[in-house]
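Reviewing the structure listed below.
Protein chains: 4
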Amino acid sequence: MIAILITIMVLELHVPHGSDLAALAPLLPVFLTYVLSFVLIAIYWNNHHHLLALTDRVTGGVLWANLHLLFWLSLMPFVTGWMGENHFAALPTALYGVVLLFAGIAYYILEQVIIHGEGANSRLRAAVGGDAKGIISMVLYIAAIPLAFVNQLLSDALYVTVALMWLVPDRRIEARFRQEENGA
Amino acid sequence: MIAILITIMVLELHVPHGSDLAALAPLLPVFLTYVLSFVLIAIYWNNHHHLLALTDRVTGGVLWANLHLLFWLSLMPFVTGWMGENHFAALPTALYGVVLLFAGIAYYILEQVIIHGEGANSRLRAAVGGDAKGIISMVLYIAAIPLAFVNQLLSDALYVTVALMWLVPDRRIEARFRQEENGA
Amino acid sequence: MIAILITIMVLELHVPHGSDLAALAPLLPVFLTYVLSFVLIAIYWNNHHHLLALTDRVTGGVLWANLHLLFWLSLMPFVTGWMGENHFAALPTALYGVVLLFAGIAYYILEQVIIHGEGANSRLRAAVGGDAKGIISMVLYIAAIPLAFVNQLLSDALYVTVALMWLVPDRRIEARFRQEENGA
Amino acid sequence: MIAILITIMVLELHVPHGSDLAALAPLLPVFLTYVLSFVLIAIYWNNHHHLLALTDRVTGGVLWANLHLLFWLSLMPFVTGWMGENHFAALPTALYGVVLLFAGIAYYILEQVIIHGEGANSRLRAAVGGDAKGIISMVLYIAAIPLAFVNQLLSDALYVTVALMWLVPDRRIEARFRQEENGA
Numbered sequence: 022m023i024a025i026l027i028t029i030m031v032l033e034l035h036v037p038h039g040s041d042l043a044a045l046a047p048l049l050p051v052f053l054t055y056v057l058s059f060v061l062i063a064i065y066w067n068n069h070h071h072l073l074a075l076t077d078r079v080t081g082g083v084l085w086a087n088l089h090l091l092f093w094l095s096l097m098p099f100v101t102g103w104m105g106e107n108h109f110a111a112l113p114t115a116l117y118g119v120v121l122l123f124a125g126i127a128y129y130i131l132e133q134v135i136i137h138g139e140g141a142n143s144r145l146r147a148a149v150g151g152d153a154k155g156i157i158s159m160v161l162y163i164a165a166i167p168l169a170f171v172n173q174l175l176s177d178a179l180y181v182t183v184a185l186m187w188l189v190p191d192r193r194i195e196a197r198f199r200q201e202e203n204g205a
Numbered sequence: 022m023i024a025i026l027i028t029i030m031v032l033e034l035h036v037p038h039g040s041d042l043a044a045l046a047p048l049l050p051v052f053l054t055y056v057l058s059f060v061l062i063a064i065y066w067n068n069h070h071h072l073l074a075l076t077d078r079v080t081g082g083v084l085w086a087n088l089h090l091l092f093w094l095s096l097m098p099f100v101t102g103w104m105g106e107n108h109f110a111a112l113p114t115a116l117y118g119v120v121l122l123f124a125g126i127a128y129y130i131l132e133q134v135i136i137h138g139e140g141a142n143s144r145l146r147a148a149v150g151g152d153a154k155g156i157i158s159m160v161l162y163i164a165a166i167p168l169a170f171v172n173q174l175l176s177d178a179l180y181v182t183v184a185l186m187w188l189v190p191d192r193r194i195e196a197r198f199r200q201e202e203n204g205a
Numbered sequence: 022m023i024a025i026l027i028t029i030m031v032l033e034l035h036v037p038h039g040s041d042l043a044a045l046a047p048l049l050p051v052f053l054t055y056v057l058s059f060v061l062i063a064i065y066w067n068n069h070h071h072l073l074a075l076t077d078r079v080t081g082g083v084l085w086a087n088l089h090l091l092f093w094l095s096l097m098p099f100v101t102g103w104m105g106e107n108h109f110a111a112l113p114t115a116l117y118g119v120v121l122l123f124a125g126i127a128y129y130i131l132e133q134v135i136i137h138g139e140g141a142n143s144r145l146r147a148a149v150g151g152d153a154k155g156i157i158s159m160v161l162y163i164a165a166i167p168l169a170f171v172n173q174l175l176s177d178a179l180y181v182t183v184a185l186m187w188l189v190p191d192r193r194i195e196a197r198f199r200q201e202e203n204g205a
Numbered sequence: 022m023i024a025i026l027i028t029i030m031v032l033e034l035h036v037p038h039g040s041d042l043a044a045l046a047p048l049l050p051v052f053l054t055y056v057l058s059f060v061l062i063a064i065y066w067n068n069h070h071h072l073l074a075l076t077d078r079v080t081g082g083v084l085w086a087n088l089h090l091l092f093w094l095s096l097m098p099f100v101t102g103w104m105g106e107n108h109f110a111a112l113p114t115a116l117y118g119v120v121l122l123f124a125g126i127a128y129y130i131l132e133q134v135i136i137h138g139e140g141a142n143s144r145l146r147a148a149v150g151g152d153a154k155g156i157i158s159m160v161l162y163i164a165a166i167p168l169a170f171v172n173q174l175l176s177d178a179l180y181v182t183v184a185l186m187w188l189v190p191d192r193r194i195e196a197r198f199r200q201e202e203n204g205a
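If you're matching them up, the sequences are chains S, F, A and G in order. Position one of the first sequence corresponds to residue 22 (this note's numbering), numbered consecutively onward. Position one of the second sequence corresponds to residue 22 (this note's numbering), numbered consecutively onward. Position one of the third sequence corresponds to residue 22 (this note's numbering), numbered consecutively onward. Position one of the fourth sequence corresponds to residue 22 (this note's numbering), numbered consecutively onward.
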């Protein structure tokens with residue numbers, strides 16, 4: 022479903038009526054927001070893929086925690102379109118952070134539900150640990166939301182910071198896979 | 022296909038033109054309807070997933086019963102958008118219930134077609150029994166449709182009741198899986 | 022991809038502005054066209070599913086014959102919207118038939134490419150034979166296209182006839198599966 | 022995700038208001054652009070399918086190189102709509118080439134990341150070699166971009182040339198598959 026979401030988001034990039042640079046210029050903030058959202062959802066896509074690969078037991082609780090995450094991600098095309106079309110105005114920029122924050126919380130809940138259901142031998146628990154990177158992201162989102170009413174660029178800078186922080190694939194989980202392959 | 026449906030539904034959340042709270046406020050009923058529809062479709066997604074996992078024999082009849090269910094679910098983005106944009110007016114609220122009712126009937130038919138095709142040893146028959154919860158949902162929808170013309174809030178309350186009733190995953194089917202795993 | 026296509030088609034059912042029957046009434050032809058297209062694409066979905074299950078060798082030619090079929094099916098949301106919004110006017114009704122005809126031809130080509138590539142032992146050849154039903158459908162489409170300029174209802178009746186003719190799942194292919202299961 | 026992309030692109034073919042030929046005529050350039058984009062994305066779909074089938078090791082780098090390719094392809098519906106609606110005007114025609122060029126570069130990077138990660142025994146390296154066809158395509162795109170400001174038809178001819186050049190499935194990769202099947 023994350024694949025569908027990241028794809029339909031392009032429908033918020035409305036085709037302009039004119040055919041010159043003047044017609045394209047107002048689309049620049051929409052495009053930049055699109056790039057940011059694409060990267061942020063792509064990060065979820067990759068991490069979610071690794072997460073499920075490390076999940077041994079899918080209970081009803083895991084299914085609902087997963088749908089809860091998808092709910093918040095499903096709002097990304099909407100907040101992306103709203104923030105982009107309003108040149109990063111205060112309220113849309115803050116709402117963008119709210120959706121990201123709740124998606125982050127939902128991801129954290131999903132991790133905990135899986136680990137809790139699997140008990141002491143959970144492979145995910147061993148790989149993720151306390152998920153410091155996830156918690157730092159949420160702290161940055163919490164900071165970005167009120168900052169949007171002071172200066173939107175500060176909030177945008179925080180969103181970009183989170184994206185850059187995650188662009189490096191999760192070496193803990195990758196390392197875990199490699200360990201298992203080597204029979205460690 | 023249910024994954025695609027639940028995702029494109031967000032396209033009915035049209036991005037508003039302004040960037041302040043006044044621009045966002047009229048979207049509240051659309052958003053609430055979106056949340057309700059997301060939960061109701063997610064319930065179908067989960068139950069449908071369990072249903073197919075318990076299905077041993079896919080005949081032509083099962084394929085068509087499944088497509089019949091998908092037809093009614095495919096109308097959800099439309100009735101969600103119509104009910105939300107009209108602040109839960111009478112006719113859209115009733116039509117929302119009509120689509121839910123027919124989706125419920127289609128799901129029941131799908132269950133029966135699978136069970137009928139598999140005969141006495143059907144694992145699904147053992148798990149689902151008479152499907153009391155499905156029948157109660159349909160009774161509530163039948164009540165909600167005329168009630169929309171008396172007071173829409175009553176209908177909405179019934180839709181929310183059905184959602185809450187199903188949010189608990191189907192323990193009968195889960196229990197059945199666990200029994201089978203344990204070799205019972 | 023057919024699953025995606027049949028799902029996004031609902032986006033052509035635009036949410037009306039009013040909330041009473043007068044607002045809903047003009048949508049009736051769009052809705053009827055939607056139902057017809059849903060059934061016709063669902064038929065392709067089922068048959069295509071059976072077709073690929075009987076295909077043992079996927080060559081480059083098969084991939085392109087398949088994409089050729091998907092191209093014509095991808096135009097269905099467009100012609101569905103156009104025919105529905107113009108209350109089955111002559112030209113849109115004819116164009117609807119043109120797209121169906123080319124989809125039918127593309128399906129026939131796909132069958133032949135698969136059979137040709139597999140040679141004398143092709144399971145598909147044994148199951149499909151000369152594909153009389155496919156050829157009859159194409160003849161009906163060829164008749165429906167000019168008839169749209171005489172009386173659109175005649176064309177619509179022919180489209181419905183084809184849908185009804187196919188709604189019965191392809192017993193030849195189903196029978197073939199059963200034979201194979203029984204080791205015949 | 023490429024399957025989703027190629028499907029939602031039809032949503033850029035907006036249903037016209039009238040029902041006669043005069044209403045349909047302005048859609049011709051949009052339709053032609055749609056056909057061109059459908060073929061170009063279908064080529065990526067096929068090649069990408071073969072590429073992944075020859076990939077033995079999916080690292081974090083491969084995942085991100087893949088998402089980078091999907092990013093550029095995700096812009097295809099937008100540039101397709103813009104070029105089509107402006108009857109192949111200069112700037113939209115050039116931008117269409119820019120997106121194609123970056124998609125081509127991203128595909129090349131993806132190939133190199135896979136080959137680099139697999140080392141000397143990479144099956145992909147043996148199949149693809151220096152990827153002359155990919156490099157020629159990029160050279161043609163680089164030529165087409167400035168040519169759009171001289172004469173758009175020249176650029177369009179180059180885009181069509183690339184499509185025709187690739188329509189023939191990649192025999193090197195197909196041959197490699199056949200060799201492996203034969204135990205060579």
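Ideal placement from N, C-alpha and C gives every residue a C-beta, glycine not left out. The structure displayed is predicted, hence computed values, not measured ones.
Contact residues of the segment 26 to 45 of chain G toward chain A are Ile27, Thr28, Ile29, Met30, Val31, Leu32, Leu34, His35, Val36, Pro37, His38, Gly39, Ser40, Asp41, Leu42, Ala44 and Leu45 (C-beta to C-beta distance below 9 Å). In chain order, Gly105, His108 and Phe109 place their CB closer than 7 Å to the CB of Pro50 of chain S, counting only its own chain and leaving out the 5 sequence neighbours on each side. Taking 7 Å as the Cβ-Cβ cut-off, the segment 102 to 115 of chain G approaches chain S at Gly102, Trp103, Glu106, Asn107, Ala110, Leu112 and Pro113, given in chain order. Interface criterion not met: the Cβ of Leu53 of chain S is under 8 Å from no Cβ in chain F. Burial check for Asn68 of chain G: the Cβ neighbour count within 10 Å reaches 16 or more, so the residue is buried. Between Gly118 of chain S and Ile166 of chain S, the C-beta gap is smaller than 8 Å, which places the two residues in contact. Proximity of Phe59 of chain A to chain F, defined by a Cβ-Cβ separation below 8 Å, is satisfied.
Between the segment 133 to 145 of chain G and the segment 61 to 80 of chain S, the count of Cβ pairs shorter than 8 Å is below three; the stretches do not touch.
Between the alpha carbons of Leu32 of chain A and Ala141 of chain F lies a distance of about 42 Å.
For the pair of segments examined, the segment 177 to 186 of chain A was found not to touch the segment 27 to 42 of chain G: the number of CB pairs separated by less than 8 Å stays below three.
Beta-carbon to beta-carbon, Ile27 of chain G and Ala63 of chain G are separated by about 7 Å, close enough to satisfy the 8 Å threshold. The beta carbon of Leu168 of chain F is closer than 6 Å to those of Leu175 and Ser176 in its chain, skipping five residues each way along the sequence.
The beta carbon of Ser95 of chain F falls within 8 Å of a beta carbon belonging to chain A, placing the residue at that interface. Against chain S, a Cβ distance below 7 Å from Asn67 of chain F picks out Leu84. Contacts with chain S at 8 Å (Cβ-Cβ) include Ala63 of chain F. Between Phe92 of chain S and Phe59 of chain F, the C-beta gap is smaller than 8 Å, which places the two residues in contact. Short of 6 Å from the beta carbon of Ala127 of chain S, and not among the five residues preceding or following it, lie these beta carbons of its own chain, in chain order: His89, Leu90 and Trp93. With a cutoff of 8 Å on beta-carbon distance, Met30 of chain F and Thr76 of chain F are scored as not near each other. If you draw a straight line from the Cα of Tyr65 of chain S to the Cα of Val83 of chain S, it is about 17 Å long. By the 16-neighbour rule on beta-carbons within 10 angstroms, Leu188 of chain F is exposed. Contact note: Leu88 of chain A reaches chain G through Ala63, using a C-beta cutoff of 7 Å and chain order. Within 9 Å of the CB of Phe170 of chain F, no CB atom of chain A is found; the nearest one sits about 12 Å away.
Chain-order list of chain A residues neighbouring Ala24 of chain G: Met22 and Ile25, by C-beta distance under 8 Å. Relative to the Cα of Asn87 of chain G, the nearest Cα in the group G:Leu34, G:Ile130, G:Phe170 and G:Ala178 belongs to G:Ile130.
Within chain F, no C-beta atom comes nearer than 7 Å to that of Phe123 of chain S; the closest sits roughly 12 Å away. If you draw a straight line from the Cα of Leu57 of chain S to the Cα of Arg146 of chain S, it is about 29 Å long. DSSP places Pro47 of chain G in the helix class (H, G or I) of the three-state scheme. In the structure shown, the three-state DSSP call for His35 of chain S is coil.
Every alpha helix (DSSP H) of 4 residues or more that sits fully in the segment 44 to 92 of chain F is shown, in chain order, as 49 to 74. Within the same chain, and ignoring the five residues on either side of Leu96 of chain F in sequence, the residues whose Cβ sits closer than 8 Å to its Cβ are Val120. In the displayed model, Ala153 of chain A falls within a helix according to three-state DSSP. At least one CB atom of chain G sits nearer than 8 Å to the CB of Pro98 of chain A. With a threshold of 16 other beta carbon atoms within 10 Å, Phe170 of chain A falls short and is exposed. Under the DSSP assignment, Phe123 of chain G falls in the alpha helix (DSSP H) whose first and last residues are Ala111 to Glu139. One thing to note: Phe99 of chain A has its Cβ within 8 Å of the Cβ of Leu34 of chain G. Here DSSP, grouped into helix, strand and coil, assigns Leu96 of chain A to coil.
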